[in-house]
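Q: Here's a structure for you.
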Ligand SMILES: C[S@@+](CC[C@H](N)C(=O)[O-])C[C@H]1O[C@@H](n2cnc3c(N)ncnc32)[C@H](O)[C@@H]1O
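In the working numbering, the protein residues as written are 570 to 845.
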């Protein structure tokens, strides 16, 4: 996971809190991810996917959910950061039944290495591939991802955008756990350079006693757009790419539909799916 501030200097609840636990509670919905992977694969190939490679897997909660959802499923999680992977072993993998845990395989390495079996679904979630800042780097990564997929396979990535996402000095705040012992998630849009599309985001956590874990996570990315990603998927060899948009009303569960045209939206999240 991204650079984090050491616990040293933190006070109150912030000093006792676990940044990975706060992160998972704030931004991850593994069950939802697995539903989306299943939906987009089924729409492409009319069967259930069984194998997953989760690139940039962090604490690999999605791998753990994948193997729990079906006893025939296996998952490979890939991440560079040993500390983050170890947290996943101690806190996510350890909660699985023995048989399911054996179907999760963790690799501490660069996602640009090809050494897992070819899979049905390759996921790169939470904008992680935005760490690649040039077309060449992204295309090279997509080519490797393509080769990591079985002959019938899908690559799933989430994307964000809309004019509000380019604002700087803006912090989006959400209460994750209410009350004096609870905490809030702060997503700070700190920097955007319109010349290069380089951007910096921070995650901070603010606790019920007023203490704060500042810059728990820091991301230095390039802000890519949907058409750029689709063009690069095509250049890397994917035969088709689809954009899945949430067409549900705000108070309903998400309903992801493949779309070609939309009304403008000031702030959105969608999935791009590359079909091999
Ligand atoms: C934004 S976090 C995403 C974690 C998780 N996928 C999620 O959805 O919350 C990005 C992760 O990518 C990892 N990472 C960054 N560059 C990498 C690379 N070249 N190869 C493998 N992992 C990388 C970091 O260690 C970090 O855990």
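Ideal placement from N, C-alpha and C gives every residue a C-beta, glycine not left out. None of these values were measured; they are calculated from a predicted model.
(1) Quick check: the Cα distance between residue 654 and residue 668, rounded to an integer number of angstroms?
(2) Would you be able to state if there are at least three C-beta pairs under 8 Å between the stretch 788-799 and the stretch 817-831?
(3) Do residue 726 and residue 701 have their C-beta atoms within less than 9 Å of each other?
(4) Taking residue 748 as the reference, give the member of 664, 819 and 778 with the closest Cα.
(5) Check residue 593 in the structure and name its three-state DSSP category.
(6) When every heavy atom of ligand 1 is checked, does at least one fall within less than 8 Å of the C-beta of residue 622?
(7) Is residue 597 close to ligand 1? I mean its beta-carbon at under 8 Å from any heavy atom of the ligand.
(8) Give me whichever residues DSSP pairs with residue 762 in a beta bridge.
(9) Under the criterion of a Cβ to heavy atom distance below 8 Å, does residue 643 qualify as lining ligand 1?
(10) Determine the extent of the alpha helix (DSSP H) in which residue 709 is found, giving its start and end residues.
(11) Rounded to the nearest angstrom, what separates residue 610 and residue 629 at their Cα positions?
(12) Alpha carbon to alpha carbon, how far is residue 776 from residue 744?
(13) Tell me which residues share the same chain as residue 734 and place their Cβ nearer than 8 Å to its Cβ, disregarding the 5 neighbours each side in the sequence.
(14) On the DSSP bridge list, what partners appear for residue 801?
(15) Give a yes or no on contact between the stretch 585-592 and the stretch 611-621, applying the rule of three or more CB pairs nearer than 8 Å.
(16) Got a sec, what are the start and stop residues for the alpha helix (DSSP H) residue 667 sits in?
(17) Using 10 angstroms around the beta-carbon of residue 664, count the other beta-carbons present and answer buried if the total reaches 16, otherwise exposed.
(18) Check whether the Cβ of residue 711 sits closer than 8 Å to any heavy atom of ligand 1, and report yes or no.
(19) Looking only at its own chain, which residues have a Cβ that is under 7 Å from the Cβ of residue 713, when we skip the five neighbours before and after it?
(20) Between which two residues does the alpha helix (DSSP H) holding residue 630 run?
(21) Taking all protein chains shown into account, do 16 or more other C-beta atoms lie within 10 angstroms of the C-beta of residue 572, making it buried, or fewer, making it exposed?
(22) Who are the near neighbours of residue 897 in its chain, counting only those whose CB is closer than 6 Å to its CB and skipping five residues on each side?
(23) Tell me where the beta strand (DSSP E) around residue 784 begins and ends.
A: Straight from the coordinates:
(1) For this step, residue 654 is matched to residue 85 along the chain shown. For this step, residue 668 is matched to residue 99 along the chain shown. Each residue's alpha carbon lies about 20 Å from the other.
(2) These segments do not touch.
(3) Working through the chain shown from its first residue, we reach residue 726 at position 157. Working through the chain shown from its first residue, we reach residue 701 at position 132. Not a contact, by the Cβ cut-off of 9 Å.
(4) The count along the chain shown starts at 1 and reaches residue 748 at position 179. When each option's Cα is compared against that of residue 748, the closest is 778.
(5) Counting from one through the chain shown, the residue named residue 593 turns up at place 24. The answer is helix: DSSP assigns residue 593 an H, G or I state.
(6) Sequence index remark: in the chain shown, residue 622 carries index 53 (1-based). Flag unset: Cβ of residue 622 not near ligand 1.
(7) Taking the chain shown and counting its residues from 1, the one referred to as residue 597 is at position 28. It does: the Cβ of residue 597 is within 8 Å (strictly closer) of some heavy atom of ligand 1.
(8) Taking the chain shown and counting its residues from 1, one reaches residue 762 at position 193. DSSP lists 767 as partners of residue 762.
(9) Along the chain shown, read from residue 1 onward, the residue named residue 643 stands at position 74. Not so, every heavy atom of ligand 1 lies at least 8 Å from the Cβ.
(10) By 1-based counting over the chain shown, the position of residue 709 is 140. Segment 704-716, the alpha helix (DSSP H) holding residue 709.
(11) Numbered from its first residue, the chain shown carries residue 610 at position 41. Numbered from its first residue, the chain shown carries residue 629 at position 60. Their Cα atoms are separated by approximately 20 Å.
(12) Here residue 776 refers to the residue found at position 207 of the chain shown. Here residue 744 refers to the residue found at position 175 of the chain shown. Spanning the two alpha carbons is a distance of roughly 10 Å.
(13) Mapped onto the chain shown, residue 734 falls at position 165. Once the five neighbours on either side are set aside, the close Cβ partners of residue 734 are 758, 792 and 836.
(14) Residue 801 sits at position 232 when you count from the first residue of the chain shown. Per DSSP, residue 801 has no beta-bridge partner at all.
(15) Taking 8 Å as the limit for Cβ pairs, the verdict is that the stretch 611-621 does not touch the stretch 585-592.
(16) Counted from its first residue, the chain shown places residue 667 at position 98. Start and end: 667-670.
(17) By 1-based counting over the chain shown, the position of residue 664 is 95. Burial is judged here by how many other beta carbons sit within 10 angstroms of a residue's own beta carbon; residue 664 has fewer than 16 and is exposed.
(18) To locate residue 711, count along the chain shown from 1; it is residue 142. Not under cutoff, so the answer is no.
(19) As a position in the chain shown, residue 713 is number 144, starting the count at 1. Same-chain partners within the cutoff: 681 and 683.
(20) Taking the first residue of the chain shown as 1, we reach residue 630 at position 61. Taken as a continuous stretch (DSSP letters only), the alpha helix (DSSP H) holding residue 630 covers 630-638.
(21) Working through the chain shown from its first residue, we reach residue 572 at position 3. The pLDDT assigned to residue 572 is 46, lower than 50, so where the model puts this residue is not dependable; a value taken from the coordinates is nonetheless given after this. Its Cβ having fewer than 16 others within 10 Å, residue 572 is exposed.
(22) Residue coverage of the chain in this structure runs from 570 to 845, which leaves residue 897 outside it and unanswerable.
(23) Taking the first residue of the chain shown as position 1, residue 784 is located at position 215. Run containing residue 784: 781-791, per the beta strand (DSSP E) assignment.
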